[in-house]
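With the first letter of the sequence shown counted as 1, position 321 gets the number 308 in this note's numbering; the numbers rise by one all the way through.
Okay, structure first, notes after.
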Amino acid sequence: MKFTYYMPTRVLVGAGCVAEHSQYLCSLGQRAFLMTGKYSAAANGSLADMCAALDKEGIRWQHWNQVGPNPTLEEVRLAAAAARDFGADCIIALGGGSPMDAAKAVAVLAAGEVAVSDEVLLSQRRFVKVLPLAVVPTTAGTGSEVTPYAILTNNTLKTKSFLTSEQVYPKLAFLDGRYTLDLPLKITAATAVDAMSHAIEGYLAVRATPPGQSFALESLRLLGPQLSALAAGQTLDLAGRETLLYASMLAGIVISQSGTTAVHAMGYSLTYFKEVDHGKANGVLMAAYLRYLTPARPQEISTLLSALGQANIDSLALTLEKLIGRVQLNPDEIDRFAGIAIQAANIQNTRPQPAQEDLKTMLGNSCKK
Ligand code: NAP
Ligand code: ZN
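In structure tokens:
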């Protein structure tokens, strides 16, 4: 056996965890730049709880509510300039993967790397200084609260690009399921499917690790009943919401060690060019991916399906279609998206490694007109 494992985030879980553990915020700094999307953080109570906790600890803060879905490199540079103007010495993000990932980039850029080019930002693994970061996930899917990745929309390359550095692991992650209670069904479903994709891909990745695989199976065991309940049109109570948030965090730890694979590589074009939600993009491709891998790795696929409580790939495909619907592509799009995906680093993390033709087949089988 041979592997390494590193996950430095302090994870605080439970209703009221922001107020209960506010003392940890003092270790971050004295001037917090608070990043959110436009509406949800104010509506779900997380913003009020965090502001009260910062006030209690005597930490000054400034609120930036301009983070849109799939944040771009241009947007994070704007936010970083505002954080520097404020003199921020730490960053706090409340929201889904978009505010959390934007905050990771701002933590790098506002710390003194503002002049760094996009190319360096997206390829360098160590920076001179990165501001410490705390996050409060309010969707249950990306797992960004425990990963060293920020996924940013790259309009030059027309895809999503990764900032990867151990320095952007959040120092603190507060997981309070109450903030996710009013998450609309469409976003709940797409984000839960994203978590499922992380667990499945992380389990199967070339860079999979034994602890990551244990977390992946536990995550799928917890996600399975919630996905089936959502597919049957049921609403989730607080316990169900907490389960999704926990399972998503576990799956985040999985990919923090292993990275993702061909599903994410192909999914980025569906999001960039077709505006398909990130989680849905992964979900529509999952059945074709598992069918592609089955001849080489039948036992592992069967282990994953049974952890999810699914009899076979067809039944999983049916559940996913009920949950997130379909995406249709024309032959030209299938060609182009396979051409973009084959260049992604996650392709080399897929075993057996697909050729461009295999990606075309997976995209074609998933997104038939
Ligand atoms: P998101 O883009 O962060 O948020 C989607 C929508 O959900 C927004 O309109 C947001 O509204 C709303 N929302 C968030 N929390 C809510 C709540 N509690 N109640 C009601 N509405 C709420 O979606 P996401 O799926 O969480 O994140 C997707 C991003 O994460 C993508 O860019 C993806 O590439 C990235 N990602 C990152 C990692 C990683 O390891 N770093 C892994 C997977 C995916 P507001 O705008 O008003 O807040
Ligand atoms: Zn994802």
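Here a beta-carbon is modelled for each residue, glycine too, at the ideal position from N, C-alpha and C.
Cβ-heavy atom distance between residue i and the ligand NAP below 7 Å?
| i | result |
| --- | --- |
| R24 | The question names Arg, yet the displayed sequence has Gly at residue 24. Checking the Cβ of G24 against the ligand NAP gives yes. |
| N31 | yes |
| T167 | yes |
| S353 | no |
| G266 | yes |
| G84 | yes |
| L272 | no |
| L170 | yes |
| S27 | yes |
| P56 | yes |
| D322 | no |
| I138 | yes |
| K356 | no |
| I46 | no |
| I174 | yes |
| K145 | no |
| D345 | no |
| D224 | no |
| D181 | yes |
| T59 | no |
| A151 | One detail in the question is off: residue 151 reads as Thr in this sequence, not Ala. Outside the cutoff, so no. |
| T126 | yes |
| T178 | yes |
| T248 | no |
| T290 | no |
| T(-9) | no |
Could you tell me which residues DSSP puts in a beta bridge with residue i?
| i | result |
| --- | --- |
| M22 | W51, A80 |
| I300 | Answer by DSSP bridge pairing: none, since I300 is not bridged. |
| R(-3) | L159 |
| V122 | A80, A160 |
| F149 | I138 |
| T59 | T140 |
Any heavy atom of the ligand ZN closer than 7 Å to the beta-carbon of residue i?
| i | result |
| --- | --- |
| N333 | no |
| T435 | With the chain covering only -12 through 356, there is no way to say anything about residue 435. |
| N142 | no |
| N269 | yes |
| S243 | no |
| D88 | no |
| S256 | no |
| S184 | yes |
| H251 | yes |
| L163 | In the sequence as presented, Leu is not what sits at residue 163; that position holds Asp. For the ligand ZN, not one heavy atom lies less than 7 Å from the Cβ of D163. |
Strictly under 8 Å for the Cβ-Cβ distance: is residue i near chain B by that measure?
| i | result |
| --- | --- |
| L159 | No chain B appears in the structure shown, which is made up of a single protein chain. |
Under the assumption that residue i contacts residue j (Cβ atoms under 8 Å), give the Cβ distance between them as a whole number of angstroms.
| i | j | result |
| --- | --- | --- |
| K116 | T(-4) | So it is not a contact: roughly 19 Å between Cβ atoms. |
| K355 | A325 | About 15 Å; that fails the 8 Å criterion. |
| L316 | L272 | Not quite, the Cβ-Cβ distance comes to about 11 Å (not below 8 Å), so this is no contact. |
| L12 | W51 | About 17 Å; that fails the 8 Å criterion. |
| E153 | P135 | 5 Å |
| N336 | T248 | 5 Å |
| H251 | N333 | 5 Å |
| V314 | L257 | 6 Å |
| S206 | A179 | The pair is not a contact, with the Cβ atoms about 11 Å apart (cut-off 8 Å). |
| M(-6) | I240 | 6 Å |
| Y233 | V5 | Not quite, the Cβ-Cβ distance comes to about 17 Å (not below 8 Å), so this is no contact. |
| Y190 | L291 | 6 Å |
- Message: Check whether the stretch 169 to 180 and the stretch 130 to 140 are in contact - that is, three or more C-beta pairs closer than 8 Å.
- Response: no
- Query: Enumerated in chain order, which unbroken segments of the beta strand (DSSP E) with a length of 3 residues or greater are wholly contained in the stretch 151 to 239?
  - Reply: 159 to 162
- Task: Decide yes or no for the touch test of the stretch -3 to 17 against the stretch 72 to 81: beta carbon pairs closer than 8 Å, at least 3 of them.
- Result: yes
- Do the stretch 141 to 148 and the stretch 197 to 208 touch if we need at least three Cβ pairs shorter than 8 Å? no
- Query: Should the stretch 59 to 71 be called in touch with the stretch 30 to 46, which here means at least 3 C-beta pairs below 8 Å?
  - Reply: no
- Any contact of the stretch 216 to 233 with the stretch 303 to 313, i.e. 3+ C-beta pairs under 8 Å? yes
- Message: Going residue by residue through the stretch 299 to 352, where are the continuous alpha helix (DSSP H) segments of at least 4 residues, counting only ones entirely within it?
- Response: 300 to 311, 318 to 328
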